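Here the structure comes first, spelled out in structure tokens, and everything after it is commentary.
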Amino acid sequence: MITREDIGGVHIKYLYHCPRQLWLYARGFRPEHLNESVELGTALHATTYSRFSPVDLGAARLDHFDGQAWVHEIKHSARATAADRAQARHYCHQLDRIGITVEGAILHYHASRRTQRLPYTPEEHTRAETDIDRVLEVITSPTSPPRPERTRCHGCSYRDYCWNS
1 MITREDIGGV
11 HIKYLYHCPR
21 QLWLYARGFR
31 PEHLNESVEL
41 GTALHATTYS
51 RFSPVDLGAA
61 RLDHFDGQAW
71 VHEIKHSARA
81 TAADRAQARH
91 YCHQLDRIGI
101 TVEGAILHYH
111 ASRRTQRLPY
121 TPEEHTRAET
131 DIDRVLEVIT
141 SPTSPPRPER
151 TRCHGCSYRD
161 YCWNS
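Using the working numbering, you'd call the opening residue of the sequence shown number 1 and step up by one each time.
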């Protein structure tokens, strides 16, 4: 049985990207290693941002936590998404939950060479709690959420499963 403490950043990202993807991931279906975008992101971390030290919190793995109490997350895309912001908010929440003071998160977008600062406020804390509740609701459902419109599936590691079954 998965608990609130077991919810990681990938769960939150998939909640925003596609609840069906989240449901499958929670059941151990993990084709990410076959996806070009995932491989690109892994290579980007290893080469471009080697000065960052990852932080492993068990269920969550942050790209970096600096001396000014900011979580840093590296994204290979060019623009921010709701999933990126939710994942960063979740990492702040996880640190706060274990008693570490956190100011917020900084998203680094490699493709556009832009950053976005996201302060961690009481409102963001509440949103993080709501996201965890939503993740638990999706993954404890006995049936898979419906697949989204095909246009949302471009580049998804789970596309073959959803559209070939």
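A virtual CB, placed ideally from N, CA and C, is assigned to each residue, including glycine. All values derive from a computational prediction rather than experimental measurement.
- What did DSSP end up calling Arg85 once you bin it into helix, strand or coil? For the purposes of this step, residue 85 is taken as residue 85 along the sequence shown, with counting starting at 1. Helix at Arg85.
- Query: Does the stretch 58 to 70 come close enough to the stretch 17 to 29 to have 3 or more Cβ pairs within less than 8 Å?
  - Reply: no
- Where Pro31 and Ile100 are concerned, what is the direct C-alpha to C-alpha distance, given to the nearest angstrom? Counted from its first residue, the sequence shown places residue 31 at position 31. Counted from its first residue, the sequence shown places residue 100 at position 100. Looking at the two C-alpha atoms, the distance is approximately 33 Å.
- Since Leu57 is in the beta strand (DSSP E), which residue starts that stretch and which ends it? For the purposes of this step, residue 57 is identified with residue 57 of the sequence shown, where counting begins at 1. Here Leu57 belongs to no beta strand (DSSP E), and DSSP marks it neither H nor E.
- Item | Val55 to His108 span [Cα, whole Å] | Taking the first residue of the sequence shown as position 1, residue 55 is located at position 55. Taking the first residue of the sequence shown as position 1, residue 108 is located at position 108. Rounded to the nearest angstrom, the two C-alpha atoms are 16 Å apart.
- Message: Taking 8 Å as the cut-off, does the stretch 117 to 134 touch the stretch 148 to 163 (at least 3 CB pairs, one atom from each stretch)?
- Response: no
- Where does Ile98 land, buried or exposed, given buried means 16+ other C-beta within 10 angstroms? In the sequence shown, the residue the question calls residue 98 occupies position 98. Counting Cβ neighbours within 10 Å, Ile98 comes out exposed, since fewer than 16 surround it.
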